[in-house]
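Data first, discussion second: the structure below is written as structure tokens.
There are 2 protein chains.
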Amino acid sequence: MSDLCDFPRLLAGQGVKVTALRLAVLEVLGAAPRALRAQEILEMIRARRRVNKVTVYRILDDFTRRGLLRRLAVEDRASLYELACEHHPPHPHFQCHHCGQVQCLEPAPLERMWAELKGPLGNRADRIDIRVAGVCHKCREMS
Amino acid sequence: MSDLCDFPRLLAGQGVKVTALRLAVLEVLGAAPRALRAQEILEMIRARRRVNKVTVYRILDDFTRRGLLRRLAVEDRASLYELACEHHPPHPHFQCHHCGQVQCLEPAPLERMWAELKGPLGNRADRIDIRVAGVCHKCREMS
DNA sequence: ATTATACTTGCAACTCAGTTGAATCTGCAT
DNA sequence: ATGCAGATTCAACTGAGTTGCAAGTATAAT
Ligand SMILES: [Mn+2]
Ligand SMILES: [Mn+2]
Ligand SMILES: [Zn+2]
Ligand SMILES: [Zn+2]
Numbered sequence: 093m094s095d096l097c098d099f100p101r102l103l104a105g106q107g108v109k110v111t112a113l114r115l116a117v118l119e120v121l122g123a124a125p126r127a128l129r130a131q132e133i134l135e136m137i138r139a140r141r142r143v144n145k146v147t148v149y150r151i152l153d154d155f156t157r158r159g160l161l162r163r164l165a166v167e168d169r170a171s172l173y174e175l176a177c178e179h180h181p182p183h184p185h186f187q188c189h190h191c192g193q194v195q196c197l198e199p200a201p202l203e204r205m206w207a208e209l210k211g212p213l214g215n216r217a218d219r220i221d222i223r224v225a226g227v228c229h230k231c232r233e234m235s
Numbered sequence: 093m094s095d096l097c098d099f100p101r102l103l104a105g106q107g108v109k110v111t112a113l114r115l116a117v118l119e120v121l122g123a124a125p126r127a128l129r130a131q132e133i134l135e136m137i138r139a140r141r142r143v144n145k146v147t148v149y150r151i152l153d154d155f156t157r158r159g160l161l162r163r164l165a166v167e168d169r170a171s172l173y174e175l176a177c178e179h180h181p182p183h184p185h186f187q188c189h190h191c192g193q194v195q196c197l198e199p200a201p202l203e204r205m206w207a208e209l210k211g212p213l214g215n216r217a218d219r220i221d222i223r224v225a226g227v228c229h230k231c232r233e234m235s
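Chains V and Z, in that order, give the protein sequences. Count along the first sequence from 1, then add 92; that gives the number in my numbering. Count along the second sequence from 1, then add 92; that gives the number in my numbering.
Structure follows, in structure tokens:
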């Protein structure tokens, strides 16, 4: 998930002011190897500067509504966020029952399934989330 | 989702005492046409008798761990619960962005995909959740 | 019948992730 | 300089779920 995106440009394209905090949120997510909780994003930004959590929540929410980020609903109470730019197309995720860690999977099988699920029942579907759960290799080794 | 299951037998099979409350939880879920929030289950049981929410949460948690129920992580803060008995095999779900309503979809495409996603990266996967999101037909009509 | 034991349910208080509304700050245009 | 809009902050709140422990209830010895 290391990044190729031009964040300032991305924001400008949304007609949104480019601020240090908004950039920080995108940079933290761009540098992360996996989807992050709001809390984690907050802490990573705080390693460099002072921020209020409300601001971060509001930015995450705004970006998600604009389609710059995807919010993943997982088994734990807190959602995860990941970049939704052209370099990070939608893909399934794997969550370990044991450690709770969520990893990103390859998008391949999604494409095939999408066609089948997109139009059922008269709904207009525009998003599909796939979460595969089980026990990850690290946790298997430990036990 | 109306029911064919013998709940007392189901509980007995788990070596779990058959109590009025545990049955009530299963009956409410068995009668529901869709997955329910803990709050909804609580209210439905309260239409008939007195219950403490903690008890219901504990029963839901216990049943989920035993595999009698599935817990669905959705976009809203509260999870949904549905029966996981032989008559209700795992299936994808559709959630409407507008009203938040979650409906159950047919299991068909799941089977095909499962084989592909089950074993990647050395993880032992034992569950796959698919959530399709968009705008449901009711909400489309309204707007 | 009486007591012991295990399990179930209830109560109060708490946690945690987010949310709200109002106040302040900041960059920019007049 | 002054005004304005949008960005950020602060304190207080919400809602879903959790915790520890007390009280109730059923069953199993004695
Ligand atoms: Mn991902
Ligand atoms: Mn379902
Ligand atoms: Zn793990
Ligand atoms: Zn709807």
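Every residue, glycine too, gets a C-beta built ideally from N, C-alpha and C.
Extent of the continuous beta strand (DSSP E) to which residue i belongs
i, result
"Arg142(V)", "Careful: Arg142(V) lies outside any beta strand (DSSP E) and carries neither H nor E."
"Val194(Z)", "Val194 to Cys196"
"Arg169(Z)", "It is not in any beta strand (DSSP E) - Arg169(Z) carries neither H nor E in the DSSP assignment."
"Arg101(Z)", "Premise fails: Arg101(Z) lies in the alpha helix (DSSP H), Phe99 to Gly105, not in any beta strand (DSSP E)."
"Arg126(V)", "Taken as a continuous stretch (DSSP letters only), Arg126(V) belongs to no beta strand (DSSP E), as it is neither H nor E."
"His190(Z)", "His190(Z) -> no beta strand (DSSP E), and no H or E assigned at all."
"Leu161(Z)", "Leu161 to Leu164"
Residue i: CB within 7 Å of a non-hydrogen atom of ligand 4
i, result
"His190(V)", "no"
"Gln187(V)", "no"
"Gln106(Z)", "no"
Contact belief for residue i with residue j at Cβ below 8 Å, rounded distance in angstroms
i, j, result
"Arg129(V)", "Ala170(V)", "5 Å"
"Val117(Z)", "Ile133(Z)", "6 Å"
"His185(Z)", "Cys196(Z)", "6 Å"
"Ala127(V)", "Leu172(V)", "4 Å"
"Val120(Z)", "Ala165(V)", "Incorrect: roughly 23 Å between the Cβ atoms, too far for contact."
"His183(V)", "Pro199(V)", "4 Å"
"Arg162(Z)", "Glu174(Z)", "5 Å"
"Leu160(V)", "Gln106(V)", "7 Å"
Residue span of the alpha helix (DSSP H) that contains residue i, given as start and end
i, result
"Glu174(V)", "Unbroken run through Glu174(V) is the beta strand (DSSP E), Leu172 to Leu175; no alpha helix (DSSP H)."
Closer than 7 Å: residue i CB and nearest ligand 3 heavy atom
i, result
"Gln131(Z)", "no"
"Gln193(Z)", "no"
heavy atom of ligand 5 below 7 Å from residue i C-beta
i, result
"Val117(V)", "What this structure holds is ligand 1, ligand 2, ligand 3 and ligand 4, not ligand 5."
Report task. Using a Cβ-Cβ cut-off of less than 7 Å, give me the residues of the stretch 160 to 179 of chain V that come near chain Z, in sequence order. Result -> Ala165, Val166 and Glu167
Query raised in the report: Using the beta carbon as the reference atom, which residues fall closer than 6 Å to any heavy atom of ligand 1, ordered along the chain?
Result: Ala127(V), Glu174(V), His183(V), His185(V) and Cys196(V)
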